[in-house]
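Numbering-wise, the sequence shown is residues -25 to -1, 1 to 442 according to mature numbering (1 follows the signal peptide of the UniProt record, and there is no 0). Backbone N, C-alpha and C define an ideal beta-carbon position, used for all residues, glycine too.
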Amino acid sequence: MGSFKRSASCRSGPALLLGLAVAVAASTDPKTTTTTTSTTTATNAPLPRIGQCSWSRYGYPLPMGLDVCPLPVTDQSADYAPWSFPPFCVQAVDANDTTTATTYCVYTAQTFRGRGLSVISTPEMAANLVAALDDTRVPPRLRDHPASSMADRAVRAAAGPYVIKNVPPRGKGLMARRRVPKWEQALIGFPIMIARMDFLEVVAPAARKQLEDRALHQLPPAAQTAIMALAHGNRPIVDRDFVLEHIFRANIFGIEIADVSHFALQVEGSRINHECRPNTFWRYSQSSMAHEVVAFREINMGEEFTHSYVPLGLPHAERTEAISRWGFACSCPLCTASKQAIFASDIRRRRLAEIYQALESDAAEGLHTRDKIEALVKEMMLLINGEDLVVQLCEYYAAVARAYLSIEDFEEARYYAGQSEEFWIRYATEEHDNRDAVRELWTAIKTKEAEKLARRRRQEEAQSSEF
């Protein structure tokens, strides 16, 4: 069994990932909301922004090559380009407020990245994807890489880094057919299906199945076969009418479209099996919809690609509970180590969390000293390296920067802020979802430094006026 989950690279909190698992696991339960086939367009009124698409509350710019904004389309629209079929839509009516309804539609682009893409979402969210449908959005370094599904077949055959093999008892997996250096892409793929997260909860089962069937059967036959060949998870399939949702449960990963949670299915990436100390991480580009699986370290020929399905850094009990939501028990070396080794690892991981909290809370309360920060950073680095959690430096470096800022050591604050930004880009691309926090950190450093300079000038002026 393989799965390709929400990127845990720079994040330590499990809430989003577990929420995704729970949402899909519960998706076959009857809901109190009602759903009807759409005859009108029922969407929330967008909030326009100057210089942006007037329908988009998220400020998305014009797509490349277009001089007008791509308008949201429904089954009532005369023109449904660039989609391959007219949208099929239903409306989910809030059981607590029958005057409120949300439109969910199926959109399919049959030629997307040479394989096809179906989207189950609201008209506004689908419109946000229009620009990314253009194949020219994929930069040549990703399009032509031997690991890319878009690369020429001969290139992939000659230099492709992986082959899909049976990996008992885990089902199929991706095995390295050559050495993959650290930081090189092990796989570059694109989603074949995307769905808005909440549609599993708010759309009634019968209508939900209609949407899912349309999304599947509007794809080319090869794409349909690839999806249905994916693992269903280790849980028994209770309702075979919802087999696609069982595939979702075992294989989806989380993305955001205009800050709204969605899940996606990527065929080859879904074959990557779990390990708590993986040898790959993945990053996602909203502009190209490319998913890069990148080597954490050098991967030897014949070694299996692995990825963590849960946030990195969790203690054993929390990992076990999180992984159980996906229907299997982890048998990786970290989870099957001796009780003493697991206990020692848990102590280190909990201490890392304590250090992070100390860096943040003492900075907020003005309790830091240089000696205290240096001691915490030294211990932090020993623990991070010992637990192979270097990826978490995205957030830990930012906490260190804020600690130094609290004692007005601007040189160290700038250094660690720069390190944090570099790690975010490395592990999550320049489109990472923490850009606002990074900008806020740089602004805080500049603001506080300017305040100190102004304070010094006032002191100097006061002293000079005394003479």
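Member of the options whose CA lies at the smallest distance from the CA of residue i
i: Phe228; options: Met264, Asp216, Thr200; result: Met264
i: Val68; options: Thr78, Ala403, Thr344; result: Thr78
i: residue 448; options: Cys307, Glu273, Ala292; result: Shown here, the chain extends from -25 to 442; a query on residue 448 therefore has no answer.
i: Leu309; options: Gly302, Arg300, Arg324; result: Arg324
i: Gln393; options: Glu340, Thr295, Asn254, Leu368; result: Reading off the sequence, residue 393 comes out as Gly, not Gln. Here the closest residue by C-alpha is Leu368.
i: Met276; options: Arg153, Arg88, Tyr331; result: Arg153
i: Leu149; options: Val365, Trp417, Arg410, Gly244; result: Gly244
i: Arg246; options: Thr418, Ala225, Tyr259, Tyr372; result: Ala225
For residue i, three-class secondary structure by DSSP
i: Leu428; result: helix
i: Phe303; result: coil
i: Gln367; result: helix
i: Ile95; result: strand
i: Ala437; result: helix
i: Thr255; result: strand
i: Met150; result: strand
i: Pro38; result: Residue placement at Pro38 is flagged as unreliable, the pLDDT there being 48, under the threshold of 50; a coordinate-derived value is accordingly withheld.
i: Ile382; result: coil
i: Val68; result: strand
i: Ser395; result: helix
i: Pro21; result: With a pLDDT of only 39 at Pro21, under 50, the local geometry of the prediction cannot be trusted, and the value read off the model is given with reservation. Of the three classes helix, strand and coil, the one that applies to Pro21 here is coil, per DSSP.
i: Glu220; result: helix
i: Glu176; result: helix
i: Ile227; result: coil
i: Ser123; result: strand
i: Val48; result: coil
i: Val113; result: coil
i: residue 464; result: In this structure the chain extends from -25 to 442, so residue 464 is not present and cannot be described.
i: Val155; result: strand
i: Val105; result: coil
i: Pro5; result: Residue placement at Pro5 is flagged as unreliable, the pLDDT there being 36, under the threshold of 50; a coordinate-derived value is accordingly withheld.
DSSP bridge partner residues for residue i (one or two, in chain order)
i: Ala264; result: The sequence given here has Met at residue 264, not Ala. Per DSSP, none; premise fails for Met264.
i: Phe63; result: Val81
i: Leu162; result: Val268
i: His249; result: His282
i: Arg345; result: DSSP, once it has assigned bridges, lists no residue as partnering Arg345.
i: Met168; result: Ser93, Leu240
i: Asn141; result: Lys147
i: Val413; result: According to DSSP, Val413 bridges with nothing at all.
i: Val352; result: DSSP, once it has assigned bridges, lists no residue as partnering Val352.
Where residue i falls, given that 16 or more other Cβ within 10 Å makes a residue buried
i: Arg128; result: exposed
i: Pro156; result: exposed
i: Asp54; result: exposed
i: Ile139; result: exposed
i: Gln241; result: buried
i: Pro253; result: buried
i: Asp50; result: buried
i: Arg203; result: Here residue 203 is Met; the residue named in the question, Arg, does not match the sequence. With fewer than 16 Cβ atoms within 10 Å of its Cβ, Met203 is classed as exposed.
i: Thr11; result: Bear in mind that the predicted position of Thr11 carries a pLDDT of just 47, short of 50, making it unreliable; the figure below should be weighed with that in mind. By the 10 Å Cβ count, Thr11 comes out exposed.
Residue i Cβ short of 6 angstroms to the ligand HEM heavy atom set
i: Ile167; result: Among the components of this structure there are no ligands whatsoever, and the ligand HEM is therefore not found.
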